[in-house]
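Numbering follows the numbering used here, with no gaps: position 2 of the sequence shown is 465. Where a beta carbon is used, it is the ideal one built from N, C-alpha and C, also for glycine. The structure appears right after this line, and notes come after that.
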Amino acid sequence: MQINAHGDVHLAEIPGVDQCLCDLGITNPKDNKARIKATKDDLLKDSYVWILNDEAFLRWRDDYNTQPGLITHVQTRYKTRGSQLFEGPNAIYALQEILENMLNDHSLARIYLLVDALNECNTELQQLLDTVTRKDRKSRSTIKWLVTSQHKPEINERLKPDALRLKVSLVCQELEKPLFPFETLNVLKELPSGLEPLYKRIIEQIQQPDLCIQVLRLAAVAYRPLHLQELITITRLPVELCKNSLWVTKLIELCSSFLTIREKRVYLVHQSVKDFLTNGKGSSIFPSSIYKEHYDIMDRSIQAMSAVLRENIYSLKEPGAQASGPGDEISNSPLMRIEYTCCYWANHLTNYVECPSRVQQHASILRDDRIIHTFLQDHLLHWLEAMGLLKKIFKTGQAMRLLQFVVLQWTTN
């Protein structure tokens, strides 16, 4: 069988192939194209017309060197089963075997397999994932899979090798906890199979939960990894704890299943952690909502900046003089503790305003003599100076545009 770019289907002259393909249920590309055009918006001509003259496309369009002989792998099973081969609960396994035989066909060189919208697979998803992730395939080095899917934890876990390694690491951490060897097997049996249920179990058993959850909430919504001093500035951890960076480090180590420290910066160990904490069952760490966390970060950021910012913070003797520190090495900078707050306070304000159920609160924080108005009135020039010293002028423009958006949201609502 050959299907070219014009949507023409060419059936190879192999005995019985017509009935076999009919029972298989293959669709005509022309019908597919008509359905898509009828149900979707029209294409913008300028966005696609260029490809029609592309040399690679023309070679593919005019190439009839397909592999009609692959149909024999289907026919071998079809001769004995007929249309029943493609029906019933065993059909998926029969088709898997046929596909594997095709992939191992010596007439094929490099193979590209495309699976679109994997998340829309409503039945036999695990069997399909088994096929995609199969490791013992003889010709696996010549096979490349391109898979698209919306976020779905069970799909992410199977398709991301680093997620699998992470799960193994988490299990090993849990197995280190038993005091006696005979407890190990019981712990292993109790561990849930999925990554998200495992996260849920770990967060339920975390030590110092009140303090750790504060840190996790901040790390989950932060726009970048935070320096330890930045984290101390933005959280409401006990003052005694914040005075000792070693204690703060120890606290983060209690969250080692979710967080790690590299060069004094706090990172989420994996994207799946962020997904779990912000969109999954782990979002219960936000007592009211994630929007409230954005507000708290904005509020604490403005308080921190108001306490630190002042005119000529580096005591520069001449305008335009270069100041060492902020743009080069944060640990030696007077702005060390507030670099993140200077750059991202407006982002968190915007995230808070996007919550539709808090229109009245939005209005109150934007009124005269409230926290934002007072900060801009007292420290706007100091903030602009700090952003220049931090070499983050482009962030200043972004922040001003975000503030404009917030004001427009307020006035329209």
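Would you please verify whether the beta carbon of residue 682 is less than 9 Å from any beta carbon of chain D? Going by chain labels, chain D is absent from the structure shown, which holds only one protein chain.
Thinking C-alpha only, which one of 696, 483, 732 is nearest residue 721? 732
Who does residue 723 pair with in a DSSP beta bridge? 730
If distances are taken between C-alpha atoms only, which option among 621, 498, 568, 848 comes closest to residue 594? 621
Give me, in chain order, the residues of the same chain whose beta-carbon lies closer than 7 Å to that of residue 753; leave out the 5 immediate sequence neighbours on both sides. 684, 741, 746
Give a yes or no on contact between the segment 755 to 764 and the segment 709 to 726, applying the rule of three or more CB pairs nearer than 8 Å. no
How should residue 838 be labelled, buried or exposed, when 16 other C-beta atoms within 10 angstroms of its C-beta is the threshold for buried? buried
Option nearest residue 544 by Cα separation, candidates 482, 591, 739, 567: 482
Once you ignore the five residues that flank residue 514 on each side, which residues in its own chain have a CB closer than 6 Å to its CB? 520
What are the boundary residues of the alpha helix (DSSP H) that residue 678 is part of? 672 to 684
I'd like to confirm the pairing. Which residues does DSSP put opposite residue 815 in its beta bridges? Note: residue 815 sits in no beta bridge, so no partner.
Would the segment 853 to 863 and the segment 798 to 811 be scored as touching if the rule is three or more Cβ pairs under 8 Å? yes
How long is the line joining the alpha carbons of residue 505 and residue 498, rounded to whole angstroms? 12 Å
When you compare the CB positions of residue 771 and residue 800, do they come within less than 9 Å of one another, or not? yes
Residue 818 to residue 536 span [Cα, whole Å]: 56 Å
Please classify residue 485 as buried or exposed, where buried requires at least 16 neighbouring CB atoms within 10 angstroms. exposed
With a Cβ-Cβ cutoff of 9 Å, do residue 614 and residue 585 count as a contact? no
Would you tell me roughly how many angstroms separate the C-alpha atoms of residue 659 and residue 857, rounded to the nearest one? 38 Å
Tell me the rounded alpha-carbon separation between residue 778 and residue 852. 12 Å
By Cβ distance, which residues of its chain are closer than 6 Å to residue 848, with the 5 residues on each side in sequence left out? none
Can you tell me the Cα-Cα spacing of residue 744 and residue 676, whole angstroms? 14 Å
Residues near residue 804 in its chain [Cβ-Cβ closer than 6 Å; skip 5 each side]: 764, 767, 768
At which residue ranges does the segment 518 to 598 contain complete beta strand (DSSP E) runs of 3 or more residues, listed in the order of the chain? 574 to 578
Alpha-carbon to alpha-carbon, residue 488 and residue 541: 13 Å
Identify every residue that forms a DSSP beta bridge with residue 608. 576
Going by other Cβ atoms of all chains shown within 10 Å of its Cβ, with 16 needed for buried, is residue 796 buried or exposed? buried
Residue 658 lies in the alpha helix (DSSP H); which residues open and close that run? 658 to 667
Locate the alpha helix (DSSP H) running through residue 513, then write down its first and last residues. It is not in any alpha helix (DSSP H) - residue 513 carries neither H nor E in the DSSP assignment.
Which of the three DSSP states, helix, strand or coil, is assigned to residue 690? strand
Rounded to a whole number of angstroms, what is the C-alpha to C-alpha distance between residue 561 and residue 608? 17 Å
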